[in-house]
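S.K.: From first to last, the protein sequence lines stand for chains A and R. Per my numbering, residue 3 is the first one in the first sequence, and the count goes up by one each step. Per my numbering, residue 365 is the first one in the second sequence, and the count goes up by one each step.
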Amino acid sequence: SQQGEEDPQALSIQEGENATMNCSYKTSINNLQWYRQNSGRGLVHLILIRSNEREKHSGRLRVTLDTSKKSSSLLITASRAADTASYFCATDAGGGYNKLIFGAGTRLAVHP
Amino acid sequence: DGGITQSPKYLFRKEGQNVTLSCEQNLNHDAMYWYRQDPGQGLRLIYYSQIVNDFQKGDIAEGYSVSREKKESFPLTVTSAQKNPTAFYLCASTRTGGTGELFFGEGSRLTVL
Numbered sequence: 003s004q005q006g007e008e009d010p011q012a013l014s015i016q017e018g019e020n021a022t023m024n025c026s027y028k029t030s031i032n033n034l035q036w037y038r039q040n041s042g043r044g045l046v047h048l049i050l051i052r053s054n055e056r057e058k059h060s061g062r063l064r065v066t067l068d069t070s071k072k073s074s075s076l077l078i079t080a081s082r083a084a085d086t087a088s089y090f091c092a093t094d095a096g097g098g099y100n101k102l103i104f105g106a107g108t109r110l111a112v113h114p
Numbered sequence: 365d366g367g368i369t370q371s372p373k374y375l376f377r378k379e380g381q382n383v384t385l386s387c388e389q390n391l392n393h394d395a396m397y398w399y400r401q402d403p404g405q406g407l408r409l410i411y412y413s414q415i416v417n418d419f420q421k422g423d424i425a426e427g428y429s430v431s432r433e434k435k436e437s438f439p440l441t442v443t444s445a446q447k448n449p450t451a452f453y454l455c456a457s458t459r460t461g462g463t464g465e466l467f468f469g470e471g472s473r474l475t476v477l
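What follows is the structure, encoded as structure tokens:
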């Protein structure tokens with residue numbers, strides 16, 4: 003079962019613009035993670051935000067978490083063509099075995 | 365360099381054949397996972413293992429089997445019982461008691477002819 007749902011499904015922007023992707027989930031979580039996947043490759047972990055955190059930064063990435071709305075957003079500032087990829091949120095609902103549930107992802111295209 | 369190695373990267377299979385996908389990690393991680401990814405979709409958990417000689421079914425285990433005889437290795441067999449095996453398969457690992465970040469291999473693309 004998929005818990006996270008990303009919005010939009012696809013996003014097309016110009017280099018230098020900001021990209022915002024949203025993720026909604028259904029049940030209580032321990033943490034929420036964002037991953038990036040280049041076409042035909044494995045996923046790479048970007049950032050993890052715990053349920054008691056509201057905002058986190060890593061370089062050009064900014065993640066927010068609103069547990070009351072069961073939603074998170076990923077902001078990529080000053081985007082580059084190399085940011086073109088699919089971005090997935092994944093939720094950890096606990097249980098002691100790091101079982102992550104992934105959404106369907108947002109496909110981001112950054113045009114030079 | 366530490367990481368996860370999946371092989372083969374591309375695999376073609378005739379209907380009715382079993383195939384085994386390899387996953388090896390040298391990160392000294394305890395937990396390992398197999399996910400399936402279909403076009404335009406997220407990842408779905410097939411099997412996971414927290415320690416050697418132990419593994420549990422994920423959400424879509426039917427038609428798949430695994431073994432965990434060594435800490436470094438977690439092979440996945442796609443059996444002929446899997447009705448729609450064409451997909452991209454991803455292996456991942458994580459350190460038990462860590463932050464929960466998953467480290468992924470580069471994936472294996474299986475096509476049934």
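Using N, Cα and C, we set each Cβ at its ideal position, and we do this for glycine too. Quantities reported herein were computed from a predicted structural model and do not represent experimental measurements.
#1: I'd like to check one pair, A/Ile51 with A/Leu67: are the Cβ atoms closer than 7 Å?
#2: Hey, would you say R/Gln401 sits closer than 7 Å to R/Phe452, going by beta carbons?
#3: Using a C-beta to C-beta distance shorter than 8 Å, which residues of chain D count as neighbours of R/Gly464?
#4: With a cut-off of 8 Å on the beta carbons, I'd call A/Asn40 and A/Ser53 a contact; round off their distance for me.
#5: Does the CB of A/Ala56 have a neighbour CB from chain R at under 7 Å?
#6: Roughly how many angstroms lie between the CA atoms of R/Glu388 and A/Phe90, to the nearest whole one?
#7: For A/Leu110, count neighbouring C-beta atoms within 10 Å of its own C-beta (all shown protein chains included) and say buried if the count is 16 or more, exposed if not.
#8: Taking any Cβ of chain A, which residues in the segment 409–420 of chain R have a Cβ under 7 Å from it, in chain order?
#9: How would you label A/Ile38, buried or exposed, when you count the other beta carbons within 10 angstroms and need 16 or more for buried?
#10: Count the other CB atoms within 10 Å of the CB of A/Ile103; is the residue buried (16 or more) or exposed (fewer)?
#11: Using a Cβ-Cβ cut-off of 7 Å, state whether A/Val112 counts as contacting chain R.
#12: By alpha-carbon positions, which one of A/Thr29, A/Ile15, A/Ile49 and A/Ala92 ends up nearest to A/Asp85?
#13: Check distances from the C-beta atoms of the segment 370–387 of chain R to those of chain A and list, in chain order, the residues that come in under 7 Å.
#14: Excluding five sequence neighbours on each side, which residues of the same chain lie with their C-beta closer than 7 Å to the C-beta of A/Ala87?
M.R.: On the basis of the supplied data:
#1: yes
#2: yes
#3: The structure shown contains no chain D; the protein chains it does contain are A and R.
#4: Not confirmed; about 29 Å, so no contact.
#5: According to the sequence shown, residue 56 of chain A is Arg rather than Ala. Cβ-Cβ to chain R under 7 Å: no for A/Arg56.
#6: 24 Å
#7: buried
#8: Leu409, Tyr412 and Gln414
#9: One point to set straight first is that residue 38 of chain A is Arg, not Ile, in the sequence displayed. Buried: at least 16 other Cβ atoms inside 10 Å.
#10: buried
#11: no
#12: A/Ile15
#13: none
#14: Arg38, Gln39, Asn40 and Leu110
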